[in-house]
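So the mapping is simple: my numbering equals the position in the sequence shown, first residue as 1, plus 9.
In what follows, a single structure is set out as structure tokens and then discussed.
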Amino acid sequence: MSTPTLQPALPALPFAIGPVLLGVLPATGPTAGGNTVQLVGLGLGGATSVLFGGSSATIVGQDPLGLTVTVLAPGHAAGPVQVTVTNAAGTSNPASYTYVATGAPVAAAISPNAGPTAGGTPFAIIGSNLQGASVTIGGVAATVLGTDPTGTVLFGVTPAGPPAGGNVPVVVTTGGGSTSVPGGYTYLPLPPTITGTVTPSSGSAGAAFTIVGTNLLGASVLFGAAPVPGVTVNASGTTVTGTVPPGTSGTTVQVTVQTPVGSVNAGSFTYL
Numbered sequence: 010m011s012t013p014t015l016q017p018a019l020p021a022l023p024f025a026i027g028p029v030l031l032g033v034l035p036a037t038g039p040t041a042g043g044n045t046v047q048l049v050g051l052g053l054g055g056a057t058s059v060l061f062g063g064s065s066a067t068i069v070g071q072d073p074l075g076l077t078v079t080v081l082a083p084g085h086a087a088g089p090v091q092v093t094v095t096n097a098a099g100t101s102n103p104a105s106y107t108y109v110a111t112g113a114p115v116a117a118a119i120s121p122n123a124g125p126t127a128g129g130t131p132f133a134i135i136g137s138n139l140q141g142a143s144v145t146i147g148g149v150a151a152t153v154l155g156t157d158p159t160g161t162v163l164f165g166v167t168p169a170g171p172p173a174g175g176n177v178p179v180v181v182t183t184g185g186g187s188t189s190v191p192g193g194y195t196y197l198p199l200p201p202t203i204t205g206t207v208t209p210s211s212g213s214a215g216a217a218f219t220i221v222g223t224n225l226l227g228a229s230v231l232f233g234a235a236p237v238p239g240v241t242v243n244a245s246g247t248t249v250t251g252t253v254p255p256g257t258s259g260t261t262v263q264v265t266v267q268t269p270v271g272s273v274n275a276g277s278f279t280y281l
């Protein structure tokens, strides 16, 4: 029996296999930075640093397979720069990214242009030069989710608005300046709710009463068909107080709370 011949072991590689960067999407962006960029490659997992022309980008997401890294581009002067990714295995080859000087933002419209005062409504602003923009609605910062690669559509979520609702300005700001969305945004107050019936539920005219609920700003109160003059609503819109109007002893009337958005039954009141 012949003795098998052993093949020599393969020589060790003279270098470690590090991350490989295949592309940058999109390959251009505004000088202000802040836009979302996805890096595509191999072995990118565990990225600890991403540089755009020597400036650090903010890493906001990584693919567990090491195929993509998502970052927010840093600001930089106009022109091409080299992008690299670094992890425990080393630093990748460079890929090209070009910073483009953009003009002042243009905001033509917001859709939808109205929503509840509680906020949390997704919106889109249509315009141009919207990359890296921040947005305020009624002076309160909205959550900006990002823009499309061309910077013509910005996506975000509205903040909470004034409890009483109303139309407020929408301002878009980038490194190139600020602009207002025509028509602004209208907060729609929520309909009133009652968490407890009128207190007390019986008594005489002139007695003080209280009604507790939500979304009561701007409320008026009726005892039957009789309006209550001079009711007071607290600043949070949760309590209405007033004085029982004249009525006939022994009768029971329905108490109604009305706001600009709707009406709600607050129980009944019996005149003694």
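Note that CB positions come from ideal geometry on N, CA and C, so glycine has one too.
Counting only the same chain and skipping the five closest in sequence on each side, list residues whose C-beta sits under 7 Å from that of residue i.
i	result
Pro83	Gly42, Phe61, Ser64, Ser65, Ala66
Gly174	Thr126, Tyr196, Leu197, Pro198
Indicate whether residue i and residue j have their beta-carbon atoms separated by less than 7 Å.
i	j	result
Thr182	Ser213	no
Val270	Pro172	no
Asn96	Pro114	no
Tyr196	Thr126	yes
Val249	Ala228	yes
Gly124	Thr152	no
Pro28	Val94	yes
Thr282	Thr219	Here the chain has residues from 10 to 281 only, and residue 282 is not among them.
Ile146	Ala118	no
Ala110	Thr159	no
Leu226	Gly251	no
Asn102	Leu30	yes
Let me check one thing: in DSSP terms, what residues is residue i bridge-paired to?
i	result
Ser272	Gln267
Val115	Ser137
Val144	Val181
Ser277	Gln263
Ala123	Thr195
Pro236	Leu231
Asn96	Gly99
Val190	Paired residue(s): none; Val190 is not in a bridge.
Ala150	Thr145
Ile220	Val249
With a cut-off of 8 Å on the beta carbons, I'd call residue i and residue j a contact; round off their distance for me.
i	j	result
Gly38	Leu53	So it is not a contact: roughly 19 Å between Cβ atoms.
Thr57	Gly70	Contact flag wrong, Cβ pair sits at about 14 Å.
Pro254	Val240	10 Å between Cβ atoms; not a contact.
Ser277	Ser210	7 Å
Go through its chain and collect everything with a Cβ distance to residue i's Cβ below 8 Å, but skip five positions before and after it.
i	result
Leu22	With a pLDDT of only 41 at Leu22, under 50, the local geometry of the prediction cannot be trusted, and no value is derived from it.
Val33	Val46, Gln47, Leu48, Val49, Val92, Ala104, Ser105, Tyr106
Thr265	Val230, Leu231, Ser272, Val273, Asn274, Ala275
Ala36	Ser105, Tyr106, Thr107
Gln140	Gly38, Pro39, Ala41, Gly43, Asn44, Thr111, Thr156, Gly160, Thr183
Shorter than 6 Å, the distance from the beta carbon of residue i to the closest heavy atom of the ligand ZN, or not?
i	result
Pro35	Inclusion of the ligand ZN in the displayed structure is not the case, the ligand content being empty and no account of it being possible.
Quick check on residue i: buried or exposed, where buried means 16 or more other Cβ atoms within 10 Å of its Cβ?
i	result
Gly259	exposed
Asn243	exposed
Pro201	buried
Thr204	exposed
His85	buried
Ala116	buried
For chain D, is any of its Cβ atoms less than 7 Å away from the one on residue i?
i	result
Val90	This model lacks chain D altogether, as it is built from one protein chain only.
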